[in-house]
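> First to last, the sequence lines map onto chains A, B, C and D. In terms of the numbering used here, the first sequence opens at residue 1 and continues consecutively. In terms of the numbering used here, the second sequence opens at residue 353 and continues consecutively. In terms of the numbering used here, the third sequence opens at residue 705 and continues consecutively. In terms of the numbering used here, the fourth sequence opens at residue 1057 and continues consecutively. Yeah, the Cβ is synthetic: ideal placement off N, Cα and C, and Gly gets one too. The structure under discussion is supplied below as structure tokens; questions concerning it will follow.
Protein chains: 4
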Amino acid sequence: MTQYIKIPVTVLGATGVVGQRFVRRLANHPLFIIQHLAASERSSGKRYREACAWRLDGEPYGGLSEHVLVDGDTDHAMSPIVFSALDTGPASELEPKFAEKGALVFSNASAFRMAKEVPLLVPEVNPDHLRLIEFQHRHHGWKGAILCNPNCTATVLVMALAPLHQAFGVEQVFMTSMQAVSGANYPGVSSLDILGNVVPFIRNEEEKVEEELPKMLGRVTPEGVEMAAITISALCHRVPVLEGHTEAVSVKLHGNPTPKQVREALRAWKPEPQQLGLPSAPPMPIRIHDAEDRPQVRRDVECDGGMSVHVGRIRPCPLLGIKFTLLGHNTERGAAGGSILNAELAHAKGLL
Amino acid sequence: MTQYIKIPVTVLGATGVVGQRFVRRLANHPLFIIQHLAASERSSGKRYREACAWRLDGEPYGGLSEHVLVDGDTDHAMSPIVFSALDTGPASELEPKFAEKGALVFSNASAFRMAKEVPLLVPEVNPDHLRLIEFQHRHHGWKGAILCNPNCTATVLVMALAPLHQAFGVEQVFMTSMQAVSGANYPGVSSLDILGNVVPFIRNEEEKVEEELPKMLGRVTPEGVEMAAITISALCHRVPVLEGHTEAVSVKLHGNPTPKQVREALRAWKPEPQQLGLPSAPPMPIRIHDAEDRPQVRRDVECDGGMSVHVGRIRPCPLLGIKFTLLGHNTERGAAGGSILNAELAHAKGLL
Amino acid sequence: MTQYIKIPVTVLGATGVVGQRFVRRLANHPLFIIQHLAASERSSGKRYREACAWRLDGEPYGGLSEHVLVDGDTDHAMSPIVFSALDTGPASELEPKFAEKGALVFSNASAFRMAKEVPLLVPEVNPDHLRLIEFQHRHHGWKGAILCNPNCTATVLVMALAPLHQAFGVEQVFMTSMQAVSGANYPGVSSLDILGNVVPFIRNEEEKVEEELPKMLGRVTPEGVEMAAITISALCHRVPVLEGHTEAVSVKLHGNPTPKQVREALRAWKPEPQQLGLPSAPPMPIRIHDAEDRPQVRRDVECDGGMSVHVGRIRPCPLLGIKFTLLGHNTERGAAGGSILNAELAHAKGLL
Amino acid sequence: MTQYIKIPVTVLGATGVVGQRFVRRLANHPLFIIQHLAASERSSGKRYREACAWRLDGEPYGGLSEHVLVDGDTDHAMSPIVFSALDTGPASELEPKFAEKGALVFSNASAFRMAKEVPLLVPEVNPDHLRLIEFQHRHHGWKGAILCNPNCTATVLVMALAPLHQAFGVEQVFMTSMQAVSGANYPGVSSLDILGNVVPFIRNEEEKVEEELPKMLGRVTPEGVEMAAITISALCHRVPVLEGHTEAVSVKLHGNPTPKQVREALRAWKPEPQQLGLPSAPPMPIRIHDAEDRPQVRRDVECDGGMSVHVGRIRPCPLLGIKFTLLGHNTERGAAGGSILNAELAHAKGLL
């Protein structure tokens, strides 16, 4: 097998849980190789295993237990690709600096998601939004750019809506989520709050879904993204589940297709990452379930390394026309895996 | 304190979990006293403690551990009031016989819920549906009657919709439920199916909610109940919660009231059971929560002995106008407690 | 009913979860009335409802939502009785000051538990250890004293061992615990650590059980407490349970009594709090279960307001002679309720 | 890669959960190939997917969805190797018939476990017990034989005790288990019994552990197995965990070795399946954890396909000398995986 030179990458915020997910997914990645693990000043200079309490399954530290952490600034942590697992505050400050100096910054933070010139990228859904990078070059004079992946709940939702929008046109969406505790990071949700309970509130979550969806399905114009004319109502809940968001979805589609037509549109969808065979792209972006009680989060969410989404129970909705159950992996497809797939798309498009 | 003579009652299906809930709530009831505990042939003649594996908290057997079980037929188990905890099959056969011979049968089964002449009774919501009893007398020549309480999910929902229907008029309803395992009785849901999981399917549950709601909010006419013109879409899920159904609700109300007006309509509601001071009626039928993350099922559902419902997070819905979180006790308000409250209403109205 | 003047008390650390439990149990207490709610400097001057996120069931703030918090020092928070819900650090500093100035300090902290002159008090077990107060008067020149309640796991265990020690003499003890998450306070155990999991480690817990037990069952001598000659091995685990510690216990008793004799010794035990009828004492200190699969924590632990312990499955142990299942409430009997019962004992003994 | 002819095998009780585990593990097995899937009369003649509700993760039906089920008798289901997932009743009747006609029957049932001439086989522990097959030939005149794998809890325990018995000699054992719900099969444990609960009773489980251990560690003599002189006390509990039994173990070892010596004995153990490289043997039979809070069932149990066991927290025990935490997979190592490893051992030893 021919070996190519891999592209060096940085992980900002490498000691947190999202950072760990980046490290785990980047170990043995065919295109990328970790050059810098960056963390806060307090941790820099330490070995990864000393500064980081590893929380994931599988080989601890992704084989980098002896890697020495560096400061998360452009002097110490520059790479052509920067994966950012930073919180909003540090992300606001640091990500633009890396972009200015030429890095493509693939960010999990919400800091710049709604900025007009920043792509809210899901490779299966809106690969053409990559063109917004040029806006950033022009507008800010940056050599690099910031590319965000959306909120995890919105990511899962848009994966099912995109083929329906292409096939029929989505007009209205109801989405009630039952979300895993991992979405709140570690230590995150206290066991006293969630054991045997449902919490009907996740701060800012409903707002994020309602505003990010129209941007993702929007059209790139010379002035930036024009939002799609879709009205969404999101109702978000935390449930005692470890990984994976279940979403109960109803949609009003143009032309009122039947459940069978909807099933076929989802099944037939073969977007660009699957056509290009990107390394992290699942073979089928949507797994359709015909059993009457599937998908089920605990049984289905780890399929395809958490990169596909699951649809089942496609049936008529008395109000909007079609309803179905949707399931996706919040910390893989909805976080680290999503960012890495974004970088793979940028690479395939020759942007590196 | 003056003591009145209590009305003797029968519990059909006394050994099951719903039967046990009847027994627990009827121990020390101010109006009713258990005369007969009826069970299948296999158990009749045995003492209650011998035939029944008690599954509830509190004093086992409601003080009736030595009570001898009888056959569930009209020869052995007749009383003026019969509470039926039977499954659909036996209910279809036995309930009409008791009604024919003069009993008021308060049933938890779904067998006759949608029959035109049978009231689907929630005392706070449609006390006037009691008039349907006369239809049964005329139509079947019965001396008694069958009165059903609705499906547990529908009961909780109608408690919040009734005051809104009275104040504004309900036009459309979205309801996504996250339901407790106790709704499936014992042994019911296998732990292998629900630990750390969400099951997006409960057989017939969505259909029941969608058809029972319009009947409960309908109008009694000389031809029976005229369904209310409300369109409902129900999406039902099982979650790892012991008791209590959480419902994410969106409603389209006539005249588009504000969240504040909706809150006030719910708060001000004082229906007949509260006016009459029925023994099992909670002081306020709806508890309104102003904390941003309440109601929560584990923390709130046992309030008022499970007889009130809880509403919180009343907020604008981009699609239907108003959305809120709703919570109620599926096995108290939604089963045994609801039936007993029905009997109390019938008693207060002089129907006994 | 005659009304007596109640004794004013202080709660130190009133805003934490243990503090809240004190407040909830002291609302409507027949002997004590809350005079001061003390908290850290940051909170003092605020109303209780402003400074405290109430985490418990039942009426929030125990009716004291408008009570103004004071600093936790002897100038602002002095009372004849002080209940301390402080962490070890502040407890080490503040509790002696209150004791010096004359308060009886009933502490939940571990700071002084093993001090020779401090009683590790469980009223049913070692009421005579109250005599250690005089040591404190003499030794430190204090007008008041510090009285500790033991670690929650040790408290539950000693409740079952005390009657066996009195009846037979305890020689060796094996104790494997399965402990509730509430023992780690709020937010305490992350849901990511405990959902569907067993964690075989609770810091210092095994050591505390192994050293506190012999002190509690020890004898007061002129030199302080002489430890009982009992060897204990504790193996502690966290399980996904909300309230209540389950303990699997094996004991070697002098004279090798039969399970029947052990059951009788536990049943017949009627220690001082029950003889005196202390307000928080449960009618029977030990509830014995004869069902083959009880006690069960979720079903039994709230019995008697969590103040009794439960024993079941008393059977022969091939190694030590007797084994049984033990259950008790870690945050009621093992924390706030235990401290208040201690104060009630001190009151009944005329120490106030 | 050279392809060898695979040995045809039968799965008795193929539609149950244990049967499904056999099917899943035997799909793509390098030595064995499924010839017959046998089930009760009611299912025979149906396709596997029609007769069986698949409950496991991964590809449903192990690729055999169209396989036609046969009756579980020797006329229809004979193979050189028979894996039995039958319940005790049918196992008692059918397994001897297959053994008589020449099959090696690898059984999960408890029916013949304690029979003197039947090996209770764990390949790492007592491969020499295979010699008991000759007893069966002589004693019963069978051409084949029955070989049992032990109770799941006992299997996990013996994996840790065997190297200690070899290195030092085991004298006494305390074992408190916290067992997964999957041990009770499907539907098994009701969610109403285990959510947020600990059940301190599993029928016959303690007895099985206490009697099977000495047999497994016993010596084969001309009269059958001579039990090892080890006294065991088992205390068994069900906890809300899906897969994997956690065991808190204390042992008295000959010569009182230190924790370090114990750790080294466990680490150095390289028994026969690892020496032979049997296909289902994990690379290391025991994984030793040095983190203070590991092993944890949810995080560690799926390691090595569930075929290794985990030991951590090796520390001094005040009573018996050494205590540690032990963890193993009850339905892989403790059921289907264990039986298949037994068959691989028999094959390697030339018994087929």
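1. Can you list the residues of chain B that C/L899 reaches, using a CB-CB cut of under 7 Å?
2. Output the distance between the C-alpha atoms of C/M879 and C/V955, rounded to the nearest integer angstrom.
3. Kindly give me the distance between the Cβ atoms of C/A781 and C/A755, rounded to whole angstroms, as I take these residues to be in contact under 8 Å.
4. So, with DSSP's three-state summary, where would you put C/G687?
5. Determine, using beta carbons only, whether B/G535 and A/P240 come nearer to each other than 8 Å.
6. Could you give the DSSP three-state label for B/L421: helix, strand or coil?
7. Examine chain G for any beta-carbon lying closer than 8 Å to the beta-carbon of D/I1288, and answer yes or no.
8. So, does the CB of A/Q20 fall closer than 8 Å to a CB anywhere in chain D?
9. When you compare only the Cα positions, how much space is there between A/E247 and B/V649?
10. In chain C, what lies closer than 7 Å to B/D409 by C-beta?
11. Starting from A/G63, follow the alpha helix (DSSP H) in both directions and report where the run begins and ends.
12. With a CB to CB cut of under 6 Å and the five nearest residues on each side skipped, what residues in its chain are close to C/A803?
13. What residue does the alpha helix (DSSP H) around B/H428 start on, and which one ends it?
14. Relative to chain B, which residues along the segment 1277-1311 of chain D have a C-beta separation below 7 Å, given in chain order?
15. Can you tell which of C/P999, C/P734, C/E799 has its C-alpha closest to the C-alpha of D/P1256?
16. Grouping DSSP H, G and I as helix and E and B as strand, with all else coil, what is C/V929?
17. Under 8 Å between C-beta atoms, does D/M1170 make it to chain C?
18. By Cβ distance, which residues of its chain are closer than 6 Å to B/P574, with the 5 residues on each side in sequence left out?
19. Tell me D/A1304's beta-bridge partners as DSSP assigns them.
20. Between which residues of its own chain and B/M353 is the CB-CB distance below 6 Å, once the five residues before and five after are set aside?
21. Report yes if the C-beta distance between A/G277 and A/G306 is below 8 Å; otherwise report no.
22. Can you grab the Cα-Cα spacing for the pair A/Q136 / A/V118, in whole Å?
23. From B/P609, B/D652, B/I554, pick the residue whose C-alpha is nearest to that of B/T668; which is it?
24. Can you have a look at D/P1339 and say buried or exposed, based on whether 16 or more other CB atoms are within 10 angstroms of its CB?
25. Can you pull the chain C residues whose beta carbon is under 7 Å from the beta carbon of A/S177, in chain order?
26. Could you spell out the range, first to last residue, of the beta strand (DSSP E) harbouring C/P712?
27. Which residue from D/H1185, D/K1172, D/E1180 puts its Cα closest to that of D/H1196?
28. Any heavy atom of the ligand SAM closer than 7 Å to the Cβ of D/K1102?
29. At a Cβ threshold of 8 Å, is A/Q296 touching chain B?
30. Along the chain, where does the beta strand (DSSP E) that runs through A/S107 open and close?
31. Can you check DSSP and say which residues form a bridge with C/A743?
32. Determine which residues of the segment 1359-1374 of chain D have a Cβ less than 9 Å from any Cβ of chain C, and write them out in chain order.
33. Can you tell me the Cα-Cα spacing of D/I1370 and D/V1181, whole angstroms?
34. Counting beta carbon pairs with one atom in the segment 430-449 of chain B and one in the segment 362-377 of chain B, are three or more of them shorter than 8 Å?
35. Taking the straight line between their C-alpha atoms, what separation do you get for C/S744 and C/V722?
36. Among all the DSSP beta bridges, which residues are the ones paired with C/P1020?
Concretely, from the data shown:
1. G548
2. 9 Å
3. With 8 Å as the limit, C/A781 and C/A755 do not qualify as a contact, their Cβ atoms being about 14 Å apart.
4. In the structure displayed, chain C extends from 705 to 1056; residue 687 of chain C sits before or after that span and is not available.
5. no
6. coil
7. Checking the listed chains, one finds no chain G in this structure; the protein chains it contains are A, B, C and D.
8. no
9. 19 Å
10. R1003
11. Unbroken run through A/G63: none, as it is neither H nor E.
12. V809, W846, G848, A849, I850
13. 426-429
14. Of all residues in the segment 1277-1311 of chain D, P1296, L1298 have a Cβ within less than 7 Å of some Cβ in chain B.
15. C/P999
16. Note: C/V929 maps to strand in three-state DSSP.
17. no
18. None.
19. D/T1232, D/T1381
20. Model confidence at B/M353 stands at a pLDDT of 43, short of 50, so the residue's coordinates are unreliable and nothing is read from them.
21. no
22. 7 Å
23. One detail in the question is off: residue 668 of chain B reads as Pro in this sequence, not Thr. Ranking B/P609, B/D652, B/I554 by Cα distance to B/P668 puts B/P609 first.
24. Answer is exposed; the Cβ neighbour count stays below 16.
25. What A/S177 touches in chain C: nothing, since even the nearest Cβ is about 17 Å away.
26. Per DSSP, C/P712 is one residue of the beta strand (DSSP E) stretching across 711-716.
27. That would be D/K1172, whose Cα lies nearest to the Cα of D/H1196.
28. As presented, the structure is devoid of all ligands, the ligand SAM included, so that no description of it is given.
29. yes
30. 104-107
31. C/D775
32. G1368, R1369, R1371, C1373, P1374
33. 21 Å
34. yes
35. 15 Å
36. C/I1026
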